Structure formats: structure tokens, C-alpha cells
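Under this note's numbering, the first residue of the sequence shown is numbered 4, with each subsequent residue one higher.
The structure appears right after this line, and notes come after that.
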Amino acid sequence: MPLLNVRDVQGYLHFDPEECRAAGEALAADYAAADPFPHAVIDDFLDADLLRRIVAQFPSTEGRDYFNRAQERLKYQFHPKSIESALIRNLLAELNSDAFLRFIEGISGIKGLIPDPYYSGAGLHEIHAGGHLSVHADFNIHGRMKVERRLNLLIYLNDDWPEEYGGHLELWDRGMKARQKVIAPLLGRAVLFNTALDSYHGHPEPLTCPPDRARRSIALYYYTAFPDGAAAVPERTTVFKPRPGSGDKTDWQVRGRHFVNDWVPHRLQPWARKVLGRVGLS
4 MPLLNVRDVQ GYLHFDPEEC RAAGEALAAD YAAADPFPHA VIDDFLDADL
54 LRRIVAQFPS TEGRDYFNRA QERLKYQFHP KSIESALIRN LLAELNSDAF
104 LRFIEGISGI KGLIPDPYYS GAGLHEIHAG GHLSVHADFN IHGRMKVERR
154 LNLLIYLNDD WPEEYGGHLE LWDRGMKARQ KVIAPLLGRA VLFNTALDSY
204 HGHPEPLTCP PDRARRSIAL YYYTAFPDGA AAVPERTTVF KPRPGSGDKT
254 DWQVRGRHFV NDWVPHRLQP WARKVLGRVG LS
């Protein structure tokens, strides 16, 4: 039995608000106590047959752009507006609904959560054989809404996924000293976790699945308003962190941008960014 049921009303799928609230509250204590930061790993999150239908209608990567640099390799993102499947659009919309917000507020204890109608970085993700996503902490301010990122939700779509294919999500301690948890990206498994400037996570090992397979997931992010406005906190883009003793590459472009934002007077920042651009650091 899935944790959350999706009901069909004249062809439209939706969550039940009270079921969502109760399910979230039942998991709240374990969520808060989890290391290295509050999180939950939930198997059978949604109906497996529904997720298999999502996989069957997954969009093609043909002709699409993808991330291909040292920190994120062979990674595709699909915004809902680029997805033709009504089923997939329906599910993504429901994961931003009032009913589903009751689940994530109940489990996380964070009130006043705001979904992202712009799906910034969210939607469907796919990584091909040989690809990876280095360990990182995510951007903290939504560029358009100017609200604070608080939670990440990942729902995996990988049926018949042997251990040797890899693609495991890793959670690292806040000092980036040691890996604390390794999570296989199996069909129906959801991972929800608090995001902060030191919530380090990723799947840094290159995928070893066959060329005709790919690591697929649904990704949604949730926010809260700033009590004192977005200008009261430092703005950060995604920060990649090299693992100790690994060959992971430092993201000097991001470090350069953060240095300019934090230490260069505002009126001189355009000049400083041009200088960084000339040396390949912006």
C-alpha cells in the first residue's frame, strides 16, 4: 500500500488533504531526529503502477540541452511546460497543491510553506550513464519570488535498478567530513529533506547503468517567506563541495561570485564580475 493515495475525479488525480496531514504528522518525530539533517526516506510513497505510467510517458532527451561540466555531468531537466504528458503535468501540479503541502508541513514541522509555480530547477530529472551530480548545498533564495528554500522532495522512478547501476543519493555531515547516508534511487522511494547552506547531498559517483537506461526522478522544492526580507541574508547559488580524498573539482566560478557579493562594494561589483570573467571565474 502506498503512503499517499492519489484519487481520480473525472480523469484528474488529486491528494486527500486529511490523509496527507495525518501521514505527515505520523512521521514527524523520525524526520526531526534524522542525521545528518532532518530528512525522511519513504518507500512505497506513491502507487507503483502510477509511477510506471509516468515512466512510460517520460519525455525524450533528443535535441535537449543538458548540464555537462565537472560538477554535474549528463544531467537533463524537464520543466512542466516542456512536457506533453497530461498525466505528468497533473502529478507535478498536485505535488504543489494545498493538500500535499499539508503532508510536508506535517512531517517537517515547517509552517507557511510556499510551492513554486515557476518550477525553478524542478520538474523531471534524468541522468545518463557516466553522469553524476557532485555533493552540494542548493541555492537558498528563489530568484523570482525572493523567498527562502526550505525543503527538497525527490521521488525516484527507477524500476528494476540493481545495486551495481549506482546513482545513489549521498547525505554528508555539515562539515563535509564524512558521508552519513547512502540511498538507492529505487522506484517509489521518496526522499524529503531540509535545505540549508550546509545540507550537503548529491550522487557524486558516475552512473554505471547500461547506455539504454537512465536515472530518473521527480524533483520539487518548497519555500517560506523571509520575516525580514530577502536582503537580510546572503544570497547563495548552488555550492559544490569536493569530498575528502576524492578527485572532485572545486567550483571556482561560484566561489568567485560569492566573494564579489560578500566583500566588494555594490557599486564596484559589475567591474569585479568583468575581471572574474576575463580569468574564467564568472
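Heads up, the beta-carbon is just placed ideally off N, CA and C, and yes, glycines get one too.
Keep in mind that this is a model prediction, so the values were computed, not measured.
Rounded C-alpha distance that separates residue i from residue j
{"i": "Gly134", "j": "Tyr203", "result": "19 Å"}
{"i": "Gly146", "j": "Ala25", "result": "33 Å"}
{"i": "Leu77", "j": "Thr211", "result": "13 Å"}
{"i": "Arg182", "j": "Ile86", "result": "35 Å"}
{"i": "Asp68", "j": "Ala36", "result": "39 Å"}
{"i": "Thr253", "j": "Leu174", "result": "19 Å"}
{"i": "Pro207", "j": "Glu75", "result": "9 Å"}
{"i": "Gln60", "j": "His82", "result": "14 Å"}
Option in the options with minimal Cα separation from residue i
{"i": "Asp176", "options": "Ser63, Pro118, Lys244 and Asp52", "result": "Lys244"}
{"i": "Thr227", "options": "Thr240, Trp164 and Ile107", "result": "Ile107"}
{"i": "Ile91", "options": "Gly250, Gly205, Asp162 and His17", "result": "His17"}
{"i": "Ser249", "options": "Val44, Ala73, Pro62 and Arg56", "result": "Ala73"}
{"i": "Leu6", "options": "Tyr15, Val12 and Glu22", "result": "Glu22"}
{"i": "Arg225", "options": "Gln13, Arg153 and Phe40", "result": "Note that residue 225 corresponds to Tyr in the displayed sequence, not to Arg. Per the Cα distances, Arg153."}
{"i": "Gly124", "options": "Ala96, Gln80 and His131", "result": "Gln80"}
{"i": "Gly191", "options": "Trp164, Glu208 and Gly169", "result": "Trp164"}
{"i": "Gly112", "options": "Phe70, Phe61, Ala43 and His131", "result": "Ala43"}
{"i": "Pro41", "options": "His171, Tyr122, Ser63 and Phe196", "result": "Phe196"}
{"i": "Tyr38", "options": "Ile221, Gly178, Arg216 and Glu151", "result": "Note that residue 38 is Asp in the sequence shown here, rather than Tyr. For Asp38, the nearest C-alpha among the options comes from Gly178."}
Endpoints, beta strand (DSSP E) assigned at residue i
{"i": "Val44", "result": "His42 to Ile45"}
{"i": "Arg218", "result": "Ala217 to Thr227"}
{"i": "Ile130", "result": "Gly126 to Ala140"}
{"i": "Arg152", "result": "Glu151 to Tyr159"}
{"i": "Phe52", "result": "Just to set this straight, residue 52 is Asp in the shown sequence, not Phe. That residue, Asp52, is in no beta strand (DSSP E); its alpha helix (DSSP H) goes Ala51 to Ala59."}
{"i": "Leu77", "result": "Glu75 to Phe81"}
Residue j beta carbon less than 8 Å from that of residue i
{"i": "Asp50", "j": "Val9", "result": "yes"}
{"i": "Ala140", "j": "Asp201", "result": "yes"}
{"i": "Pro247", "j": "Arg218", "result": "no"}
{"i": "Asn155", "j": "Thr198", "result": "yes"}
{"i": "Ile57", "j": "Leu94", "result": "yes"}
{"i": "His171", "j": "Val185", "result": "yes"}
{"i": "Ile110", "j": "Gly27", "result": "yes"}
Closer than 7 Å: residue i CB and nearest the ligand GDP heavy atom
{"i": "Met4", "result": "For the structure depicted, the ligand GDP is absent and the ligand set is empty, with no information on it obtainable."}
Terminal residues of the alpha helix (DSSP H) in which residue i lies
{"i": "Leu104", "result": "Asp101 to Ser111"}
{"i": "Glu28", "result": "Pro20 to Ala29"}
Length-filtered (3 minimum) beta strand (DSSP E) runs lying within the region 168–214: The region 168–214 contains these whole beta strand (DSSP E) runs: 172–175, 182–186, 193–197 and 204–206.
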